[in-house]
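Asker:
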């Protein structure tokens with residue numbers, strides 16, 4: 143369903159046009175940072191699950207993040223947060239409510255770090271008067287939700303009404319927040335550097351490095367735009383504004399912003415395929431563990447039922 147929504151939205155918005163590539167090497171390097179960012183994103187979620195005390199293998203945690211990546215294109219975006227939690231609930235029999243709440247908290251930390259990087263771009267490009275107040279307000283609200291119990295209860299209540307689910311945001315210890323922020327900070331930093339390289343591959347004129355941080359601002363605001371599937375239109379609008387502040391012409395800024403959607407989509411396809419591969423390895427590991435723990439008498443019966451001798455594996 144999410145892929146169907148994505149294809150329809152991209153065709154309607156005409157996001158599938160391939161622009162002229164001026165500097166191919168920069169484009170290749172941009173994909174390396176893009177894929178690295180997605181790997182770090184799924185790793186951050188997997189570590190959040192493990193540090194919360196859940197006995198989930200790292201590969202399975204990363205697989206849950208990769209396989210649910212396209213869910214954000216479903217209008218309402220609940221499955222971009224709940225999809226990875228639902229995957230672990232089904233495969234490991236874990237509590238749905240608490241794991242879903244943990245996913246919300248991890249998303250808040252990810253947005254928090256993205257806004258921090260986006261603020262760097264705002265300060266360096268002189269966009270404080272345009273975006274400063276709104277970004278500061280969102281940053282303060284996210285900080286309150288992450289660190290204060292009262293704001294967590296209010297946010298949980300609002301999210302519960304919006305998504306019609308019982309959501310109680312867990313209190314993450316301060317040092318665990320910093321640990322998660324490190325993972326997500328590296329994740330968003332890789333994406334910002336990748337965006338800067340991708341944009342530079344399409345432009346004749348040089349692009350300030352600080353313009354790359356505009357991707358953190360655009361990405362976070364796109365995620366917060368619940369009404370837009372996958373932030374379609376919102377992220378591109380912010381990028382056009384920030385690139386214009388960097389001295390890029392409106393036509394070129396529009397080309398880069400639209401190309402960034404296709405570029406990021408290829409990264410999402412990469413992490414989805416990575417999730418499939420990790421899921422296969424995680425299931426193979428589960429089967430191997432189950433076989434090791436299986437009583438010898440049951441192993442012998444299984445071998446005989448398959449037409450093998452009981453000592454086949456020992457031969």
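Residue numbers (my numbering): 143 to 457.
All C-beta atoms in this analysis are idealised placements derived from N, C-alpha and C, irrespective of residue type, glycine included.
1. Cutting at 7 Å between CB atoms, please list the residues of its own chain near residue 386, excluding the five before and the five after it.
2. Applying the 10 Å Cβ sphere with the 16-neighbour rule, what's the burial state of residue 290?
3. Would you mind stating whether residue 213 and residue 322 have Cβ atoms separated by less than 8 Å?
4. Report buried or exposed for residue 337, applying the criterion of at least 16 other Cβ atoms within 10 angstroms of its Cβ.
5. Assuming residue 413 and residue 255 make a contact with CB atoms under 8 Å, what is their CB distance in whole Å?
6. Between residue 280 and residue 258, is the Cβ-Cβ spacing less than 8 Å?
7. For the putative contact between residue 176 and residue 409, defined by C-beta atoms under 8 Å, what is the C-beta separation to the nearest angstrom?
8. Decide if residue 180 is buried, meaning its Cβ has at least 16 other Cβ atoms within 10 Å, or exposed.
9. Could you spell out the range, first to last residue, of the alpha helix (DSSP H) harbouring residue 206?
10. Is the stretch 190 to 210 touching the stretch 220 to 238 in the sense that three or more CB pairs, one from each, lie closer than 8 Å?
11. Is there contact between the stretch 196 to 204 and the stretch 348 to 361, where contact requires at least three CB pairs shorter than 8 Å?
12. Tell me, to the nearest whole angstrom, how far the beta carbon of residue 417 is from that of residue 208; I am working on the premise that it is less than 8 Å.
13. Give a yes or no on whether the C-beta atoms belonging to residue 163 and residue 366 are separated by under 8 Å.
14. Apart from the five residues just before and just after residue 242, which ones in its own chain have a Cβ nearer than 6 Å to its Cβ?
15. Quick check: residue 340 and residue 267, are their CB atoms within less than 8 Å of each other?
16. Enumerate in chain order the residues of its own chain whose CB-to-CB distance from residue 355 is below 7 Å, with the five nearest sequence positions on each side excluded.
17. Beta-carbon within less than 7 Å of residue 171's beta-carbon, same chain only, minus the 5 sequence neighbours each way: which residues are those?
18. Quick check on residue 261: does DSSP put it in helix, strand or coil?
19. So what does DSSP say about residue 443, is it helix, strand or coil?
20. Restricting to Cα atoms, I'd like to know which of 248, 206, 363, 174 is closest to residue 415.
21. Could you tell me if residue 430 is buried or exposed, where buried requires 16 or more neighbouring beta carbons within 10 angstroms of its beta carbon?
22. Measure from the alpha carbon of residue 247 to the alpha carbon of each residue in 174, 402, 326, 178, then state which is nearest.
23. In whole angstroms, what is the alpha-carbon distance linking residue 173 and residue 196?
24. Would you kindly check if the distance between the Cβ of residue 424 and the Cβ of residue 178 is under 8 Å?
25. Assuming residue 388 and residue 353 form a contact by the criterion Cβ under 8 Å, report the distance between their Cβ atoms to the nearest whole angstrom.
26. Where does residue 174 fall in DSSP's three states?
Answerer: Quick answer:
1. 392, 395
2. exposed
3. no
4. buried
5. With a Cβ gap of about 18 Å, residue 413 and residue 255 do not count as contacting.
6. no
7. 4 Å
8. buried
9. 200 to 209
10. yes
11. no
12. 2 Å
13. no
14. 224, 227
15. no
16. 259, 260, 262, 263, 334
17. 339
18. helix
19. For residue 443, the predicted model reports a pLDDT of 49, less than 50, meaning its position is unreliable; a value from the coordinates is still stated below. In this structure, residue 443 counts as helix in the three-state DSSP scheme.
20. 206
21. exposed
22. 326
23. 33 Å
24. no
25. 4 Å
26. helix
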